[in-house]
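Asker: Can you keep this structure in mind? I'll have questions shortly.
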Amino acid sequence: MADDTSGEIVRVEQLSKTFVLHNQGSAELTAFAEISFSVHAGEAVVLHGPSGSGKSSLLRILYGNYLPSAGRVLIKHRGAFVDIGACDPRVTLDVRRNTINFVSQFLRVIPRVATRDIVMDPLLRRGAAVPEARARAEAMLERLNLPARLWDLPPATFSGGEQQRVNIARSFVHISPVMLLDEPTAALDEANRAVVVELVSEARRNGAAIIGIFHDDEVRKTVATRLFDMAGRNPLAA
Amino acid sequence: MTYQAPQEDLYAVPGGEASPLLIARNVTKYYGAMPGCLDVGFDIWPGEILGIVGESGSGKSTLLGCLSGRFVPTSGEILFDRADGGGLTDIVNLPEPARRRLMRTAWGLVHQNPRDGLRMGISAGGNIGERLMAAGERSYGRVRGAAEDWMDRVEINRSRIDDRPSVFSGGMQQRLQIARVMVSEPRLVFMDEPTGGLDVSVQARLLDLLRVLVRDTGVAAVVVTHDLAVARHLTDRLMVMKGGRVVEAGLTDQVLDDPQHPYTQILTSAVLMA
Ligand SMILES: Nc1ncnc2c1ncn2[C@@H]1O[C@H](COP(=O)(O)OP(=O)(O)OP(=O)(O)O)[C@@H](O)[C@H]1O
Ligand SMILES: Nc1ncnc2c1ncn2[C@@H]1O[C@H](COP(=O)(O)OP(=O)(O)OP(=O)(O)O)[C@@H](O)[C@H]1O
Ligand SMILES: [Mg+2]
Ligand SMILES: [Mg+2]
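Residue numbers (this note's numbering), protein chains in the order written: chain Z, 1 to 238; chain V, 1001 to 1274.
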């Protein structure tokens, strides 16, 4: 097993992140330094560490949203590794469409689009027929206990927890090979948190690689196949 | 550290086309001794939306003018794929009639002030139909049908088809201008502050509309804006200009969320405080 790299889908090599705040006297803020690990399909790696230890920054680099300061991240995409911090933006967008999904606790509200359509969209983009996409979207919304009377409305006026559940429904209606999760259960009640835990575990068993941040101990224990400790990854913070 | 990602993988974007629609290299424009834009280079691919942001006077409109054939750059190259099988054509040195044909058929220009892009003296339907007729459409029925169709798409009631745009609100005028440009199915659209001068709620609606149109038609666009929210919602990649030069460029959300250049950091933090 140790030699089997065929299922390797994310490889982080000697990755460091330092923010240079040019307008504050070029102050340098190192979030973490020289991190290396790799993640295989079917694994759930949970990032662990105190607030400010760089967990979110690491996820954002994996998504191409932040740039590495040193080192690199390779993502297996369409059969070959892509250097996500150095490739053309078009490639990053293609990686996001097909290989990697980022689920945060915030829904990027699309102002005038109905909830059901927001959830159907990832399926339609992949060529699903409308009736099938609708059925799967509605099943997902139901599973997340979002009342049917809300399905025809845009989520702009929903409560924080309702918006978050729309976001999760959209993110899990189609599972990407790599799922990045930044506290997806943050504002949810017990029952809905349990649904999300189920969805994550299901995705993993179906072969997705999960890299996530969960503050809740119970959730972390249930979801993780492995912890990655961020504490002590910042030589300057010690 | 020995692993090398195969180079060709970076270019194999399935569904993507093999070559850029437009390539700009070292585009420089002086107004006398005054620099307008300096040494700007980038590619635009079919279906891609490029945003240009930067402070007033940084050269955004100058660059857009050069790209869209209204200004002649002092130096540099602008290559465009005319889709005639002839590969990339240098539009800077294109004879005037050929450039005009390109502007009429392959390109569209959306002005900040709809009055600059509309004919205020003719009907809304006439404004939309005009470009179709200029492109060779002779059937009145088809022109009228296309005009009605585009009124629907930009959400202006069909009953207003014979009204002049001068009686429309600013937001309606801007939507009409967009219909007028899009009806001839351009492959590349240039927009200079398309949501400038509109109320915030009107802006949001226009932005929604532009996103839908871009997605449904696959048109490529260059959008100049001073509004970072517009850039974030509409564009795939972003160039930040200062003093005529591009100081930073990349994937839009990366440039806005993890800005590297001192000027970009000022630009993005100013918005956070607002
Ligand atoms: N875009 C940015 N610009 C400057 N500094 C940043 C940026 N993003 C994060 N940081 C800084 O990097 C450090 C790590 O932040 P990060 O959000 O990654 O931590 P975290 O482990 O996710 O914390 P939390 O558990 O509180 O969410 C913090 O000091 C933060 O202020
Ligand atoms: N026709 C002109 N003649 C002389 N100088 C000009 C002319 N047009 C623009 N300039 C100058 O070129 C520089 C760039 O102007 P440009 O209009 O491209 O800026 P911009 O980035 O579009 O600004 P804004 O955000 O205010 O529209 C400015 O210093 C401007 O004064
Ligand atoms: Mg965090
Ligand atoms: Mg301008």
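Even glycine gets a Cβ: it sits at the ideal position worked out from N, Cα and C.
Is it right to say Z:Glu162 is buried, meaning 16 or more other beta carbons lie within 10 angstroms of its own, or is it exposed?
Answerer: buried
Asker: Figure out for me which residue from V:Tyr1140, V:Gln1173, V:Cys1066, V:Leu1267 has the closest Cα to the Cα of V:Arg1026.
Answerer: The sequence given here has Asn at residue 1026 of chain V, not Arg. Checked all of V:Tyr1140, V:Gln1173, V:Cys1066, V:Leu1267; the closest Cα to V:Asn1026 is V:Cys1066.
Asker: Ends of the alpha helix (DSSP H) at V:Tyr1140?
Answerer: 1140-1153
Asker: If you draw a straight line from the alpha carbon of V:Glu1130 to that of V:Val1223, how long is it in whole angstroms?
Answerer: For V:Glu1130 and V:Val1223, the distance between alpha carbons rounds to 24 Å.
Asker: Judging by CA-CA distance, which residue of Z:Pro177, Z:Phe37, Z:Glu142 is the nearest neighbour of Z:Arg116?
Answerer: Z:Glu142
Asker: Does DSSP put V:Thr1235 in a helix, in a strand, or in coil?
Answerer: coil
Asker: Mind listing the chain Z neighbours of V:Asp1216? Cutoff is C-beta to C-beta under 9 Å, in chain order.
Answerer: Correct list: empty, because the minimum Cβ distance to chain Z is about 13 Å.
Asker: So, is the C-beta of Z:Arg143 closer than 8 Å to a C-beta in chain V?
Answerer: no
Asker: Under 8 Å, Cβ to Cβ, is there at least one residue of chain V near Z:Gly7?
Answerer: no
Asker: Taking its Cβ as the centre, do 16 or more other Cβ atoms sit within 10 Å of Z:Asn101, making it buried, or is it exposed?
Answerer: buried
Asker: Under the three-state reduction of DSSP, which class applies to V:Tyr1030: helix, strand or coil?
Answerer: strand
Asker: Output yes if chain V places a C-beta closer than 8 Å to the C-beta of Z:Thr92; else output no.
Answerer: Yes - at least one Cβ of chain V is within 8 Å of the one on Z:Thr92.
Asker: Below 8 Å, can you find three or more Cβ-Cβ pairs linking the segment 1183-1191 of chain V to the segment 1222-1242 of chain V?
Answerer: yes
Asker: Take Z:Glu250 as the anchor and find which of Z:Phe37, Z:Asp189, Z:Ala224 has the nearest alpha-carbon.
Answerer: Not covered by the structure: residue 250 of chain Z. The range shown for chain Z is 1 to 238.
Asker: Does the beta-carbon of V:Lys1060, which I'm using as the reference point, lie nearer than 7 Å to any heavy atom of ligand 4?
Answerer: yes
Asker: Strictly below 9 Å CB to CB, what residues from chain V border Z:Asn65?
Answerer: Leu1251, Asp1253, Gln1254, Asp1257, Asp1258
Asker: Could you give the distance in angstroms between the alpha-carbon of V:Ala1135 and the alpha-carbon of V:Gly1032?
Answerer: 36 Å
Asker: For the alpha helix (DSSP H) containing Z:Gln14, list its first residue and its last residue.
Answerer: No alpha helix (DSSP H) contains Z:Gln14, which is instead part of the beta strand (DSSP E) from 8-21.
Asker: Assign V:Gln1254 to buried or exposed, taking buried as 16 or more other Cβ atoms, counted over all protein chains shown, within 10 Å of its Cβ.
Answerer: buried
Asker: On the three-state DSSP scale, how would you describe Z:Asn101?
Answerer: strand
Asker: Could you tell me whether any Cβ in chain B is nearer than 8 Å to the Cβ of V:Trp1107?
Answerer: Protein chains in the displayed structure are Z and V, and chain B is not among them.
Asker: The beta strand (DSSP E) that contains V:Gly1085, what's its start and end?
Answerer: No beta strand (DSSP E) contains V:Gly1085, which DSSP labels as neither H nor E.
Asker: Have a look at Z:Ala44, Z:Pro50, Z:Pro131, Z:Arg96 and flag the residue whose alpha-carbon is nearest the alpha-carbon of Z:Leu199.
Answerer: Z:Ala44
Asker: Could you give the distance in angstroms between the alpha-carbon of Z:Ala194 and the alpha-carbon of Z:Gly85?
Answerer: 34 Å
Asker: Considering Cα atoms alone, identify which of Z:Gln105, Z:Arg108, Z:Ile75 is closest to Z:Asp94.
Answerer: Z:Ile75
Asker: Would you verify that the beta carbon of V:Arg1237 is, or is not, closer than 8 Å to some beta carbon of chain Z?
Answerer: yes
Asker: Does the beta-carbon of Z:Arg170 have 16 or more other beta-carbons within 10 angstroms, so that it is buried, or is it exposed?
Answerer: buried
Asker: Please work out which residues of its chain come closer than 7 Å, Cβ to Cβ, to V:Gln1173, disregarding the five sequence neighbours upstream and downstream, and give them in chain order.
Answerer: Pro1114, Leu1118, Pro1165
Asker: Note down the Cα distance separating Z:Val173 from Z:Leu150, rounded to an integer number of angstroms.
Answerer: 18 Å
Asker: Compare the C-beta of V:Pro1262 with all C-beta atoms of chain Z and state if any pair is closer than 8 Å.
Answerer: A Cβ of chain Z is located within less than 8 Å of the beta carbon of V:Pro1262.
Asker: Whole-angstrom Cβ separation of V:Leu1209 and V:Glu1155, contact assumed at under 8 Å?
Answerer: Yes, they are in contact, since the Cβ atoms of V:Leu1209 and V:Glu1155 sit about 7 Å apart, within 8 Å.
Asker: Given that a residue counts as buried once 16 or more other Cβ atoms are within 10 Å of its Cβ, and exposed if not, what is V:Val1246?
Answerer: Buried.
Asker: In terms of residue numbering, what span does the alpha helix (DSSP H) encompassing Z:Asp117 cover?
Answerer: 115-125
Asker: Among the candidates V:Phe1042, V:Asp1152, V:Arg1180, V:Glu1193, whose CA atom is the shortest distance from the CA of V:Ser1019?
Answerer: V:Phe1042
Asker: Closest Cβ-Cβ distance between Z:Pro89 and chain V: below 8 Å?
Answerer: yes
Asker: In terms of residues, what are the limits of the alpha helix (DSSP H) holding Z:Glu28?
Answerer: First-last for Z:Glu28: 27-40, but that is the beta strand (DSSP E), not the alpha helix (DSSP H).
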